[in-house]
Amino acid sequence: MRLQMRHTGRFRRCAVAAALASAGTAFAEEGGSGATLGDFEGKSVGVGPVVSYAGKVASHDVVAEFKWLHETDTEKRLQGDILWLKVVFKLY
0 MRLQMRHTGR
10 FRRCAVAAAL
20 ASAGTAFAEE
30 GGSGATLGDF
40 EGKSVGVGPV
50 VSYAGKVASH
60 DVVAEFKWLH
70 ETDTEKRLQG
80 DILWLKVVFK
90 LY
């Protein structure tokens, strides 16, 4: 599940687009009757900001996105934050 709101600002002189958004994640797992090591049950909910960039770096087209999801409600699993960096660029 991904929730997203996005606002994009453009700069006239540079062909650059930047965005600030929010994202969310929800995870729920229910155990089954055939689990050998016990029931694997757990849930987690996370929410956080997303920063996006699209433009040129050293004459190459680049799109980058950084996402941070802070887990706020976790049961029966390890709790932590999710950091995600995605970079896409054109080689030629």
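Residue numbers for the sequence shown follow numbering that gives the first Met the number 0, beginning at 0 and rising by one.
Ideal Cβ positions, reconstructed from N, Cα and C, are used throughout, including at glycine.
Practice task
Determine, using beta carbons only, whether V49 and A25 come nearer to each other than 8 Å.
Solution key: If you number the sequence shown from 1, residue 49 lands on position 50. If you number the sequence shown from 1, residue 25 lands on position 26. Cβ atoms of V49 and A25: not closer than 8 Å.
Handout entry: Burial state of L68 (16 or more Cβ within 10 Å)
Key = Position 69 of the sequence shown holds residue 68. With 16 or more other Cβ atoms within 10 Å, it is buried.
Handout entry: Cβ-based burial, A27 [other Cβ within 10 Å; buried from 16]
Key = One-based indexing of the sequence shown puts residue 27 at position 28. A27 comes out exposed.
Exercise for the section: Drop a sphere of 10 angstroms on the beta-carbon of A22, count the other beta-carbons inside from all chains shown, and report buried for 16 or more, exposed for fewer. Expected result: Within the sequence shown, the letter at position 23 stands for residue 22. Per the 10 Å Cβ criterion, buried.
Exercise for the section: Taking K85 as the reference, give the member of G54, G79, G47 and V62 with the closest Cα. Expected result: Against the sequence shown, residue 85 aligns to sequence position 86. It is V62 whose Cα lies nearest to the Cα of K85.
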